[in-house]
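Asks: Chains G and D, in that order, are what the protein sequence lines are.
Just add 40 to wherever you are in the first sequence, counting from 1, and you've got this note's numbering.
Just add 584 to wherever you are in the second sequence, counting from 1, and you've got this note's numbering.
This is the structure, below, for whatever I ask next.
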Amino acid sequence: MLRAATALASLLIVGCDPFHVEFKPVEPAQKYQATSLSDAGDVPQTLRVLNYNVKFGGGRIDFFFDCHGDRVLMDRAEVETNLTRVAKVINRLQPDVLFIQEIDVASKRSAYVDQLQWLLDHTDLNYAAYASQWRADYVPSDGLGAVDSGNAILSRWPLRDAERLALPLRTDLSDLERYFYLRRNLMRATLELPDREPLGLLTVHAEAYAQDGTKLQHIERFTEELGRLAALGPVLAAGDLNTIPPKSEKLRDFDDSACLETYVADDYGAEQDYLAPLFDTYHSDLDLSAYEADNQRYFTHTTLASGFWNRRLDYIFSTLPLSGGLVYQSVEVGGIDTMPVSDHAPVGATLELPE
Amino acid sequence: VSLSRGFGLPLRGAFVSAALAWQTPAFAAPPPTENATFRHAVWANASALTVRPQRLEGALLGRWAWGIHERVELRSHPVFSILVPALEAKVQIWDNVQLGNNTELFLSSRHQVSTPTPFLRLSSKEGAFGLLPPATDVPWTFLVENALLLTLRATEEHWITVQAGGVLAVPGASSAPLLDFPFLYQRYAALSAGATLFFGLALNGTFAGNLFGYSLESQLFALPLPMPGIQLAWENSLALSWMPSDSHRVELNVRAAVAEFPIGVRLHWFPGIDYGWAW
C-alpha cells in the first residue's frame, strides 16, 4: 500500500511538474539590463574576460552541502555583504565580458535577492543573459525551499540570441531525486560589438558529483557546441568545467574533502584527459606547460576557507588569441584577496580581437 | 558546488496529501435531503450547516466530523492530529431564515485552534522532506482561526456559501523561516505574519438523485508577510463525490492555487482522492 502510494506520488510529481523544475531542450535565456547603463565607450582592440563561480553570494559561510557546517539559509544582510565583496572584485578587475556560475536570482537560501540584477546595478557591466540550472518552486530537502540558480554572461555591450541548451541529466539518481536535482545547461549568446564582427559566447557549469559519466557528457557537449559556433565565427567560451587539466599532479585526497560519508566528488583519477580536446583545439587562459611546472599557481577552487586553492576547475577558451591568463588567488597573486569571497577564484585573460 | 544529497527516500506524497487534506474545508457537500427546514448536512461540508447530532463521520485523509449538539459540530482527525493537533467547532447561529421563494438562509461561526509546531519540528530536518533547515528553532505557536459562514439555499439541490475570517498566531509571529511550500504557504502564513485574513465562496449540491455531490470552492487569502505589500493567494477546488448511501462516499478532487510567493506569482495544483464513512 505504502509502495503504491509512493509510486503514485512519484508519478504525479515527476509526470506533472508541479514544482516547475523542467526546461525545454532549447529555450531563450533570460535577458537582464542594468537599471542605469554605464558608458561602455569605444570597443578596444582587446577585451578583458573574467570567469567567476560566485557560490550564490554565500561567501565563506559554511553550508551543509560541503560538509564544513550546517547553514542552509542566509539573511539579506549577509547576502548583500557577500555580493558587495563580489562586486568589489569585479570593479577592481574591470572585465568587459564576465562569465558567472552559481548566481541566484530567486532563491530562499539567498533571501530571494536577484543577485544578477544586483551585480549589474553595482558594477560597470550593462547587459546580461541568464540560464537557470536549478529551479524549483520548492526543494523539499534540508529546508532549501525555492531555488533559482544558474549561469550568466554579463557584458558592457548588448547581447543577443541568448539561448539555454539543456544538458543530459544524471542517471544515477532515483526519478524523484532527479526531479528536484540540478538541470545543467550550456548558454550561448552573441556579443554585439559596435563596428566589429559579433563574438559568439558560450558558457557551462558541468556536473560535479555524478558517478555515471554525466560530467564527461557535459564536457563533450560543451566541446561540440564550441566547435559548431567556431565554424560560424570567433567564439569566446568559459565556465566551471568541474574537472582538472591535463598534467595535474594531485588527483584525489584533497585537504578540503569533508563529505566522505555521502559522496566522493573529488576523485579525478579518470579525468586527466577530459579537457585535452579543448586545449588541443583552442586558445586558453591556461598555459599547460606553465601549469605543468607549477600546478598550484593556477588552482581556482577550495571549499576550505582556512586553506588554499587546491585544484583547477575554471577555464577560458577561445578561437581568438588569449594572453595574460591569471588566477586571482590572493593579494600576492592577482592583487586582491579573493579567498573570503567565494569557493572559487576568478580567472581572467585578455582576448585579442581581430583587426 | 551543489546539492547532491537529500532524496535518499522517496518524497512522501501521501504525507503531503494528508497535510493538505487536514486543512481541506470539506468533502463535496450534498444539501439536506430530509425536508425543507432541515438544519443539518448529511455530510460535513463548507456550508453553515452542521451534521446531525450523534453522527460521526470518518475519512482517510479529510477531517472527521462529529455532531455533538443540534447546532454544534466538532472536527478533527484522530491520526493527523499527532502532527498538527487541531480542533474545530462549527456553531449554527441562524437556521432556516425564510427569504421568500423557498429561499433559506443559515449563519454559522467556525472556530479552530491548531498548532503546526509538531509538524514543523518534524519537518525541520536534513535530507528528504526537510521543509525547514535542521537547526531551525520552531517555537510553540497556536493558530486561532475564526470565521463566519452565511449559506443561502436557493433550490432543493444547490447551495451557496460565503465566508470571511481570520487566523491569528498566538503568541505571535515566529522568527522561523517562512514556510513557502505550495498550499501550506497560505495556510501557515500567520506563523510569519502574525495574522491573516481569508474570504471564501462555495457552491455545493447534488445531482442524479443525490447519488453524486459536487463542491466548488474559492478562497482568497490576504497575507501581510514581512515583505513589501500584502501578498495574496487565491485557492480554488473542485470536488466530485459518489455517495451510494448516507454511510459511504468516495471523493475525487483537484485543488489549484495562484499565490504571490517571495519568488513571484506561481500556480500550483494538487489532485486528491478520499474515502469517507459514517456511523
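The C-beta atom is built at its ideal place from N, Cα and C for all residues, glycine as well.
Here the structure is a predicted model, which is why all the values come from computation and not from measurement.
Just checking my contact of residue 342(G) with residue 350(G) at CB under 8 Å: how many whole Å lie between their CB atoms?
Replies: 5 Å
Asks: Name the chain D residues whose beta carbon is nearer than 7 Å to that of residue 113(G)?
Replies: 717, 761
Asks: Is residue 386(G) close to chain D? Criterion is C-beta to C-beta, closer than 9 Å.
Replies: no
Asks: Please tell me whether, using a cut-off of 8 Å, the distance from the CB of residue 685(D) to the nearest non-hydrogen atom of the ligand FMN is below it.
Replies: Absence of the ligand FMN from the depicted structure is noted, as is the absence of any ligand whatsoever, leaving it without description.
Asks: Tell me, to the nearest whole angstrom, how far the beta carbon of residue 89(G) is from that of residue 278(G); I am working on the premise that it is less than 8 Å.
Replies: 7 Å
Asks: Should residue 146(G) be flagged as near chain D, meaning a C-beta pair shorter than 9 Å?
Replies: yes
Asks: Just the chain D side, please: which residues come within less than 8 Å of residue 152(G) by C-beta, in chain order?
Replies: Think of a sphere of 8 Å around the beta carbon of residue 152(G): the chain D residues whose beta carbon falls inside it are 846, 847, in chain order.
Asks: In the structure shown, what three-state DSSP assignment does residue 308(G) receive?
Replies: coil
Asks: What does residue 140(G) pair with, by DSSP beta-bridge criteria?
Replies: Answer by DSSP bridge pairing, in chain order: 92(G), 192(G).
Asks: Tell me whether residue 706(D) sits in a helix, a strand or coil according to DSSP, three-state version.
Replies: If DSSP states are grouped into helix, strand and coil, residue 706(D) belongs with the helices.
Asks: Between which two residues does the beta strand (DSSP E) holding residue 263(G) run?
Replies: Premise fails: residue 263(G) lies in the alpha helix (DSSP H), 254 to 270, not in any beta strand (DSSP E).
Asks: Who are the Cβ neighbours of residue 377(G) in its own chain at under 7 Å, not counting the five residues just before and after it?
Replies: 370, 371
Asks: Under 9 Å, Cβ to Cβ, is there at least one residue of chain D near residue 68(G)?
Replies: no
Asks: Distance cutoff 9 Å, beta carbons only. Does residue 184(G) sit that close to anything in chain D?
Replies: Chain D has a Cβ within less than 9 Å of the Cβ of residue 184(G).
Asks: Does the beta carbon of residue 59(G) come closer than 9 Å to any beta carbon on chain D?
Replies: yes
Asks: Check whether chain G comes within 9 Å of residue 720(D), counting only Cβ atoms and requiring the distance to be less than that.
Replies: yes
Asks: Taking the beta carbon of residue 647(D) as the centre, do at least 16 other beta carbons fall within 10 Å, making it buried, or is it exposed?
Replies: Buried, because 16 or more other Cβ atoms sit within 10 Å of the Cβ of residue 647(D).
Asks: So, for residue 222(G): in the same chain, excluding its five sequence neighbours on each side, which residues have a beta-carbon less than 6 Å away from its beta-carbon?
Replies: 173, 174
Asks: May I have a chain-ordered list of the beta strand (DSSP E) segments no shorter than 3 residues that lie completely inside the region 320 to 360 of chain G?
Replies: 354 to 358
Asks: Taking the alpha-carbon of residue 99(G) as reference, which of 267(G), 395(G), 344(G), 355(G) has the nearest alpha-carbon?
Replies: That would be 344(G), whose Cα lies nearest to the Cα of residue 99(G).
Asks: Would you report the Cα separation of residue 858(D) and residue 835(D), rounded to the nearest angstrom?
Replies: 5 Å
Asks: List the residues of chain G whose Cβ lies closer than 8 Å to the Cβ of residue 805(D), in chain order.
Replies: Within 8 Å Cβ-Cβ: nothing; residue 805(D) doesn't reach chain G, min ~17 Å.
Asks: Using the beta-carbon of each residue, which ones in chain D are nearer than 8 Å to residue 180(G)?
Replies: Result: 595, 712, 713, 714, 715, 765.
Asks: Assuming residue 169(G) and residue 70(G) are in contact, meaning their beta carbons sit under 8 Å apart, how far apart are those beta carbons, in whole angstroms?
Replies: 7 Å
Asks: Taking DSSP as the reference, what is the three-state secondary structure of residue 116(G)?
Replies: helix
Asks: Can you find a C-beta in chain G that's less than 9 Å from the C-beta of residue 607(D)?
Replies: Low confidence applies here, because residue 607(D) scores a pLDDT of 47, under 50, leaving its location unreliable and the question unanswered by this model.
Asks: Taking the alpha-carbon positions, what's the residue 770(D) to residue 807(D) distance?
Replies: 7 Å
Asks: If you count every other CB in all the chains shown that lies within 10 Å of the CB of residue 838(D), and 16 or more means buried, which is it?
Replies: exposed
Asks: Between which two residues does the alpha helix (DSSP H) harbouring residue 768(D) extend?
Replies: 768 to 772
Asks: Does the region 78 to 87 of chain G come within contact of the region 254 to 273 of chain G, defined as at least 3 CB pairs closer than 8 Å?
Replies: no
Asks: Could you give the residue range of the alpha helix (DSSP H) that holds residue 220(G)?
Replies: For residue 220(G), the uninterrupted alpha helix (DSSP H) segment begins and ends at 215 to 220.
Asks: Leaving out five residues on either side along the sequence, give the residues of the same chain with a beta carbon under 7 Å from the beta carbon of residue 655(D).
Replies: 634, 675, 676
Asks: Just the chain D side, please: which residues come within less than 9 Å of residue 188(G) by C-beta, in chain order?
Replies: Chain D residues near residue 188(G): 847.
Asks: Counting only Cβ-Cβ distances shorter than 9 Å, please list the residues of the region 848 to 860 of chain D near chain G, keeping chain order.
Replies: Hits within the stretch, in order: 848, 850, 851, 852, 853, 854, 855.
Asks: Does the Cβ-Cβ distance between residue 381(G) and residue 337(G) come in under 9 Å?
Replies: no
Asks: Beta-carbon within less than 6 Å of residue 298(G)'s beta-carbon, same chain only, minus the 5 sequence neighbours each way: which residues are those?
Replies: 107, 108
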